[in-house]
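Enquirer: The opening position of the sequence shown corresponds to residue 37 in the numbering used here, with each subsequent residue numbered one higher. Below: one structure in structure tokens.
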Amino acid sequence: MLFLMALLFVEFLLWLSAFVLSQKDILAPSVMMCNMFLISTVFALINIENWKVDYHIETFFIISTGILVFLIGVFISHLIFQNVQMNVSSYKRGENVNYNDGQVRTWKLVVILCVGIVTIIWYYFEIRRIVGAYGYNVHNVFASYRTITTYILANRSDSTIQMTSFVLNQLVRLTYSAGYAASYILIKAIVRKRSQLQKPSRINIILLRCILILSIIPGFMGAERNQFLQILVAVMVFYYILWHQENGWDRDISWKFIRIGIAGVVVGIPIFYQLLRLVGRSTALSAFESGSVYLGSSIPLLNMYIENPAEPPRVFGEETLLGVHQFLANLGVDTYIKNRHLEFRHLNSYTESNIYTFFRRPLHDFGYVGMYIFVALIGIFFSCYYYGKIKNKQQTKRLEYWIIVYGYLYYWIVYSSIDQRSISYIATTPIMNIFAMLILYWFLTSNKLRIAVRRR
Numbered sequence: 037m038l039f040l041m042a043l044l045f046v047e048f049l050l051w052l053s054a055f056v057l058s059q060k061d062i063l064a065p066s067v068m069m070c071n072m073f074l075i076s077t078v079f080a081l082i083n084i085e086n087w088k089v090d091y092h093i094e095t096f097f098i099i100s101t102g103i104l105v106f107l108i109g110v111f112i113s114h115l116i117f118q119n120v121q122m123n124v125s126s127y128k129r130g131e132n133v134n135y136n137d138g139q140v141r142t143w144k145l146v147v148i149l150c151v152g153i154v155t156i157i158w159y160y161f162e163i164r165r166i167v168g169a170y171g172y173n174v175h176n177v178f179a180s181y182r183t184i185t186t187y188i189l190a191n192r193s194d195s196t197i198q199m200t201s202f203v204l205n206q207l208v209r210l211t212y213s214a215g216y217a218a219s220y221i222l223i224k225a226i227v228r229k230r231s232q233l234q235k236p237s238r239i240n241i242i243l244l245r246c247i248l249i250l251s252i253i254p255g256f257m258g259a260e261r262n263q264f265l266q267i268l269v270a271v272m273v274f275y276y277i278l279w280h281q282e283n284g285w286d287r288d289i290s291w292k293f294i295r296i297g298i299a300g301v302v303v304g305i306p307i308f309y310q311l312l313r314l315v316g317r318s319t320a321l322s323a324f325e326s327g328s329v330y331l332g333s334s335i336p337l338l339n340m341y342i343e344n345p346a347e348p349p350r351v352f353g354e355e356t357l358l359g360v361h362q363f364l365a366n367l368g369v370d371t372y373i374k375n376r377h378l379e380f381r382h383l384n385s386y387t388e389s390n391i392y393t394f395f396r397r398p399l400h401d402f403g404y405v406g407m408y409i410f411v412a413l414i415g416i417f418f419s420c421y422y423y424g425k426i427k428n429k430q431q432t433k434r435l436e437y438w439i440i441v442y443g444y445l446y447y448w449i450v451y452s453s454i455d456q457r458s459i460s461y462i463a464t465t466p467i468m469n470i471f472a473m474l475i476l477y478w479f480l481t482s483n484k485l486r487i488a489v490r491r492r
């Protein structure tokens with residue numbers, strides 16, 4: 037317990053340092069990482085007796101120094117951009133906006149919505165077909181489909197059952213990506229409701245909301261909640277950035293976001309628990325126990341990994357660079373593809389988990405030095421992106437593309453106290469998702485595509 041309490045204290049000091057150095061920017065990459073580790077450590081402390089946590093100094097050192105290295109990478113990159121940033125808090129709202137702002141044509145939304153509806157129906161019947169072909173119960177179709185795609189197909193390559201087609205996979209991708217484009221347009225309309233810029237009509241607002249809701253359904257059909265959380269995080273990022281663009285980056289709403297975050301954890305735990313049941317996955321745990329496992333079990337599990345490591349990696353970056361190995365395998369390269377889900381470990385007689393924080397995968401693959409280098413590189417990447425491309429930048433069409441992509445990638449940081457999301461972002465899938473969401477946003481907001489109606 038001593039080192040777990042010490043970890044919480046060090047994390048708070050690191051959070052305070054990051055908060056001050058970022059000029060009270062609550063969504064700065066360094067601050068958000070500290071936010072998430074503070075939350076996870078608090079939940080680990082709450083359950084310290086139930087989980088029989090015996091924390092060791094080595095685990096305390098890894099997490100503390102790992103966060104510190106990330107913060108150093110962010111801070112150094114921030115210093116590079118600090119002297120070249122343009123202070124835009126003095127220019128008037130909309131002064132530098134020279135593009136079609138908020139004008140979305142109804143027919144385009146109808147097309148995307150119809151394609152999404154057809155995709156969801158097609159996807160549902162394909163899932164039922166696959167589940168039935170594997171002999172699983174179709175009454176719990178989504179959970180069965182998750183079992184097939186996550187565990188069965190991950191451990192065998194000789195299946196003769198045809199999975200979803202390439203065309204359907206791309207339509208699912210478009211449906212999911214449309215949620216980011218739609219949510220960005222919606223948030224922009226909310227933030228700029230007092231400005232003189234043209235905003236979407238009421239019918240377009242309804243259609244945009246339908247597209248957003250539709251975009252999270254494929255994730256639920258795969259019995260996954262991460263896609264829903266990822267879009268929710270992107271919406272938060274969109275609002276934060278657009279609000280500062282509208283009101284000036286010198287304005288501070290960080291404490292408002294802190295209050296919202298605390299309320300979100302309190303309200304979100306029971307909602308997240310119900311989502312588990314919605315997608316057909318069952319648990320004997322209560323809502324608080326389930327939320328504690330999701331938010332806090334990574335802290336003691338990393339400690340268990342340090343005490344009893346997994347087998348050494350068979351190939352370079354087998355856990356961290358899984359997406360790279362999947363890409364190489366598709367090219368015919370002989371490599372090893374490990375299951376993306378790590379081994380389960382027991383917290384007590386009836387509770388188990390398989391999440392190990394931001395640091396397990398790179399530590400396992402690259403050792404201590406390699407882990408610190410990998411962590412620093414991620415910090416530098418997010419810092420260069422945020423301070424070099426977004427913060428204190430004038431409003432342009434290109435900036436909107438940067439913001440949408442940043443909102444999509446930001447879940448990497450929000451998830452840092454739970455797991456290392458490099459398995460999802462250093463891969464071909466996110467590149468294709470990003471390409472799809474940018475094309476869809478261009479399609480929705482461009483004036484170059486019109487349907488001419490002749491008057492008779």
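Even for Gly, the Cβ is constructed at its ideal location relative to N, Cα and C.
Roughly how many angstroms separate the alpha carbons of glycine 171 and isoleucine 197, rounded to a whole number?
Expert: When rounded, the distance between both Cα atoms is 11 Å.
Enquirer: For tyrosine 216 and chain B, any beta-carbon pair shorter than 8 Å?
Expert: Absent from the structure is chain B; it holds one protein chain and no more.
Enquirer: Identify the continuous alpha helix (DSSP H) that holds lysine 224 and give its terminal residues.
Expert: Lysine 224 -> alpha helix (DSSP H) spans 202 to 227.
Enquirer: Helix, strand or coil for valine 489? Go by DSSP, reduced to three states.
Expert: Residue confidence is low: valine 489 scores 44 on pLDDT, short of 50, so the model does not pin down where it sits. No coordinate-derived value is stated.
Enquirer: Whole-angstrom Cβ separation of serine 453 and isoleucine 75, contact assumed at under 8 Å?
Expert: Right, the Cβ-Cβ distance comes to about 7 Å (below 8 Å), so this counts as a contact.
Enquirer: Which first and last residues belong to the alpha helix (DSSP H) in which tryptophan 87 is found?
Expert: No alpha helix (DSSP H) holds tryptophan 87; DSSP gives it neither H nor E.
Enquirer: Across which residues does DSSP place serine 389 in a beta bridge pair?
Expert: Per DSSP, Arg381.
Enquirer: Which residues in the same chain have their Cβ closer than 6 Å to the Cβ of leucine 364, if we skip the five residues on either side of it in sequence?
Expert: Taken in chain order, the residues that qualify are Thr371.
Enquirer: Does the beta-carbon distance from aspartate 401 to proline 466 come in below 8 Å?
Expert: Cβ atoms of aspartate 401 and proline 466: not closer than 8 Å.
Enquirer: Am I right that isoleucine 249 and glutamine 263 are in contact with their C-beta atoms under 8 Å? What's the rounded C-beta distance?
Expert: Actually they are not in contact, since the Cβ atoms of isoleucine 249 and glutamine 263 sit about 13 Å apart, beyond 8 Å.
Enquirer: Taking 8 Å as the limit between beta carbons, can you name the residues of its chain near asparagine 390, skipping five residues before and five after?
Expert: Answer for asparagine 390: Leu337, His377, Leu378, Glu379, Phe380 and Arg381, listed in chain order.
Enquirer: Let me know if tyrosine 181 comes out buried or exposed under the rule of 16 or more other beta-carbons within 10 Å of its beta-carbon.
Expert: Classification of tyrosine 181: buried, given that the 10 Å Cβ count is 16 or more.
Enquirer: Report buried or exposed for aspartate 288, applying the criterion of at least 16 other Cβ atoms within 10 angstroms of its Cβ.
Expert: That one is exposed.
Enquirer: For leucine 357, which of helix, strand or coil comes out of DSSP?
Expert: Here leucine 357 sits in coil by DSSP.
Enquirer: Considering just the uninterrupted stretch of the alpha helix (DSSP H) at tryptophan 285, what are its terminal residues?
Expert: No alpha helix (DSSP H) holds tryptophan 285; DSSP gives it neither H nor E.
Enquirer: Just the Cα atoms here: how many angstroms apart are glycine 304 and leucine 265?
Expert: Distance between the alpha carbons of glycine 304 and leucine 265: 10 Å.
Enquirer: Exposed or buried, what is phenylalanine 161 when buried is set at 16 or more other beta-carbons lying within 10 Å of its beta-carbon?
Expert: Exposed, because fewer than 16 other Cβ atoms sit within 10 Å of the Cβ of phenylalanine 161.
Enquirer: Among Arg238, Asn469, Gly443 and Ser458, which residue has its Cα nearest to the Cα of serine 219?
Expert: The candidate whose alpha carbon is nearest that of serine 219 is Gly443.
Enquirer: Note the first and the last residue of the continuous alpha helix (DSSP H) segment covering serine 237.
Expert: First-last for serine 237: undefined, no H or E at that position.
Enquirer: Using CA coordinates, which residue listed in Ile475, Ala472 and Cys420 is at the minimum distance from glutamine 118?
Expert: Considering only alpha carbons, the answer is Cys420.
Enquirer: For valine 110, which of Tyr423, Asp455, Ile475 and Val269 has the nearest alpha-carbon?
Expert: Minimum Cα distance to valine 110 is reached at Tyr423.
Enquirer: If the criterion is Cβ atoms closer than 8 Å, does the pair phenylalanine 79 and leucine 399 meet it?
Expert: Contact: no.
Enquirer: Tell me whether valine 56 sits in a helix, a strand or coil according to DSSP, three-state version.
Expert: Looking at valine 56 - three-state DSSP - the assignment turns out to be helix.
Enquirer: Considering asparagine 339, what are the terminal residues of the alpha helix (DSSP H) in which it resides?
Expert: Its alpha helix (DSSP H) spans residues 334 to 343.
Enquirer: Quick check on this structure: which residue in Tyr341, Met257 and Met407 has the alpha carbon closest to the alpha carbon of threonine 185?
Expert: Taking only the C-alpha atoms, the option nearest threonine 185 is Met257.
Enquirer: When the Cα atoms are used, what is the spatial distance from valine 146 to leucine 204?
Expert: For valine 146 and leucine 204, the distance between alpha carbons rounds to 19 Å.
Enquirer: Closer than 8 Å by C-beta to tryptophan 87: which residues in its own chain qualify, once you throw out the five before and the five after it? Chain order, please.
Expert: Excluding residues within five positions, the ones whose Cβ falls inside 8 Å are Ala80, Ser333, Pro336, Leu383, Asn384 and Thr387.
Enquirer: Along the alpha helix (DSSP H) that carries lysine 144, what are the first and last residues, could you check?
Expert: Residues 142 to 169.
Enquirer: May I ask you to report which of helix, strand or coil DSSP gives threonine 183?
Expert: It is helical.
Enquirer: Would DSSP call leucine 63 helix, strand or coil?
Expert: Three-state result, leucine 63: coil.
Enquirer: Measuring CB atoms only, is the region 349 to 360 touching the region 96 to 108, in the sense that at least three cross pairs come out at less than 8 Å?
Expert: No, they do not touch.
Enquirer: Could you pull out every residue in the same chain whose Cβ sits closer than 6 Å to the Cβ of methionine 68, ignoring the five residues on either side in sequence?
Expert: Excluding positions up to five away in sequence, the list reads Ile449.
Enquirer: When the Cα atoms are used, what is the spatial distance from tyrosine 212 to proline 254?
Expert: Using only the alpha carbons, I get a separation of about 7 Å.
Enquirer: Would you decide whether alanine 472 is buried or exposed? Buried here means 16 or more other CB atoms lie within 10 Å of its CB.
Expert: Looking at its Cβ environment, which holds 16 or more other Cβ atoms inside 10 Å, alanine 472 is buried.
Enquirer: Going by DSSP in three states, glutamine 456 sits in which element: helix, strand or coil?
Expert: Glutamine 456: coil per DSSP, three-state reduction.
Enquirer: So, are the CB atoms of tyrosine 446 and valine 273 less than 8 Å apart?
Expert: Yes, the pair counts as a contact, with Cβ atoms nearer than the cut-off.
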